[in-house]
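Heads up: the structure comes next, in structure tokens.
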Amino acid sequence: MLSDQALTVKACWGRNGLSRLESGLLLAHVLGKPREWLLAHDDHVLSSAELSAFLALDNRRRQGEPMAYLLGQREFMSHCFTVGPDVLIPRPDTELLVEMALVSIAHKAAPAVLDLGTGSGIIAISIAKARPDAQVTATDCSARALAIARTNAKRLNISVQMLLGKWFDPFPTSPLFDLIVSNPPYIHPQDPHLDQGDLRFEPRVALTDEQDGLSAYQSIIFEAASRLKPGGEIWLEHGFDQAQAVVQYLTQAGFTQIKTSQDLAGHPRVSGGSYNSCNS
Ligand SMILES: C[S@@+](CC[C@H](N)C(=O)[O-])C[C@H]1O[C@@H](n2cnc3c(N)ncnc32)[C@H](O)[C@@H]1O
115 MLSDQALTVK ACWGRNGLSR LESGLLLAHV LGKPREWLLA HDDHVLSSAE LSAFLALDNR
175 RRQGEPMAYL LGQREFMSHC FTVGPDVLIP RPDTELLVEM ALVSIAHKAA PAVLDLGTGS
235 GIIAISIAKA RPDAQVTATD CSARALAIAR TNAKRLNISV QMLLGKWFDP FPTSPLFDLI
295 VSNPPYIHPQ DPHLDQGDLR FEPRVALTDE QDGLSAYQSI IFEAASRLKP GGEIWLEHGF
355 DQAQAVVQYL TQAGFTQIKT SQDLAGHPRV SGGSYNSCNS
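The opening residue of the sequence shown carries number 115 in the numbering used here; numbering runs sequentially from there.
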């Protein structure tokens with residue numbers, strides 16, 4: 115256990131039960147320096163304010179709080195996003211969803227894009243960054259999540275319309291979209307993972323639908339058909355064992371050219387298809 119007698123970078127770094135990586139990130143964060151700076155300045159003496167800030171973060175990390183919340187940021191699609199306990203921590207798997215989304219609008223000029231359940235805004239903002247001509251709208255039922263998404267859009271100098279409400283509720287009348295994307299809550303409420311690791315600290319509304327893990331897909335997919343332009347596409351992230359159910363809903367809703375893509379671990383992770391009004 116470190117005490118307030120231990121005042122140098124060397125004394126704090128990787129010697130308090132945390133890995134060298136994690137304590138280095140916390141130290142760099144507290145000192146406002148890049149992590150490489152620590153190597154060249156390991157004899158730097160922390161001020162008492164720096165030391166107490168570091169010890170507080172170190173203590174919270176040892177209680178299990180996610181690094182992303184302690185640092186207040188996480189990289190996604192090479193952009194730095196502000197995150198906090200009001201939003202899901204961005205996952206690398208979600209980059210696959212953004213990639214599929216960008217392919218789907220690659221040949222459409224000024225596409226209208228809707229991201230449902232935007233959280234920190236990573237999907238909507240990454241699409242808008244990659245396609246500055248796109249008209250991107252994002253919704254979420256959490257006002258606190260939307261506040262973070264708006265902060266991220268501003269920080270990254272991107273214009274995204276952010277609307278509060280459940281799924282399509284902010285659109286009583288249709289604007290029609292070229293692309294609808296979503297990474298909805300998909301964990302079964304009895305899944306023991308909800309009580310483990312980072313998930314213990316993330317907003318429950320971002321993790322589970324409190325039903326069967328599939329209800330958000332039903333709500334989104336069956337309504338999406340009436341919200342897409344002819345030839346418009348939907349792409350959805352899902353759990354590794356949910357592709358079959360999601361594909362079945364897409365088929366029932368009249369989507370065609372349905373595909374599932376695998377994440378880096380080889381799990382089916384993203385499914386989608388296209389909609390023509392004459393499909394069904
Ligand atoms: C799995 S998180 C995804 C967040 C972000 N899109 C991402 O990929 O990191 C799901 C998001 O959906 C939102 N959400 C849950 N139920 C919703 C509903 N009925 N209507 C709108 N948003 C909802 C949550 O607040 C949360 O931000």
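Idealized CB from N, CA, C, for every residue including glycine.
Since the model is a prediction, treat every value here as computed from it, not as a measurement.
Residue i: CB within 7 Å of a non-hydrogen atom of ligand 1
| i | result |
| --- | --- |
| T232 | yes |
| C194 | no |
| N266 | no |
| W281 | yes |
| I239 | no |
| T251 | no |
| V227 | no |
| P64 | Since the first residue shown for the chain is 115 and the last is 394, residue 64 is missing from the structure and cannot be characterised. |
| T374 | no |
| V201 | yes |
| P204 | yes |
| A248 | no |
| A259 | yes |
| A244 | no |
| V319 | yes |
CA nearest to the CA of residue i, picked from the options
| i | options | result |
| --- | --- | --- |
| V100 | T122, Y331, A339 and S340 | Outside the shown range of the chain, which is 115 to 394, sits residue 100, and nothing can be said about it. |
| T251 | A226, L270, A261 and S234 | A226 |
| P246 | H381, D207, I272 and L277 | I272 |
| F369 | G128, Q358, G386 and D355 | G386 |
| P206 | L216, R188, L308 and V217 | R188 |
| D305 | T322, F315 and P317 | T322 |
| Q376 | N390, M214, L328 and K124 | M214 |
| G178 | L141, R314 and S329 | R314 |
| K268 | A238, G327 and F282 | A238 |
| L184 | R258, L140, L277 and A379 | L140 |
| G146 | A163, L132, G131 and R134 | A163 |
| D270 | D283, L171, A244 and F354 | Rather than Asp, the amino acid found at residue 270 in this sequence is Leu. Considering only alpha carbons, the answer is A244. |
| F282 | E337, K222 and N390 | E337 |
| L171 | P148, G131 and C194 | G131 |
Through-space distance from residue j to residue i, alpha-carbon basis
| i | j | result |
| --- | --- | --- |
| G311 | C255 | 25 Å |
| Q362 | H381 | 18 Å |
| S394 | E347 | Note that S394 scores 47 on pLDDT, short of 50, meaning its location in the model is unreliable and no value can be drawn from it. |
| G128 | S137 | 6 Å |
| I335 | K373 | 14 Å |
| F168 | A142 | 9 Å |
| N390 | G345 | 5 Å |
| G231 | Q358 | 22 Å |
| M191 | V217 | 15 Å |
| A379 | H302 | 21 Å |
Cβ-heavy atom distance, residue i to ligand 2, below 7 Å
| i | result |
| --- | --- |
| C255 | This structure lacks ligand 2; the ligands present are ligand 1. |
Checklist entry - Should the stretch 143-163 be regarded as contacting the stretch 292-308, the criterion being three or more beta carbon pairs within less than 8 Å? => result no
Checklist entry - Is the number of C-beta pairs between the stretch 195-203 and the stretch 256-263 that are closer than 8 Å three or more? => result Output reads yes: the stretch 256-263 touches the stretch 195-203.
Checklist entry - Given 8 Å as the limit, is there contact between the stretch 272-292 and the stretch 339-352, that is, 3 or more CB pairs closer than that? => result yes
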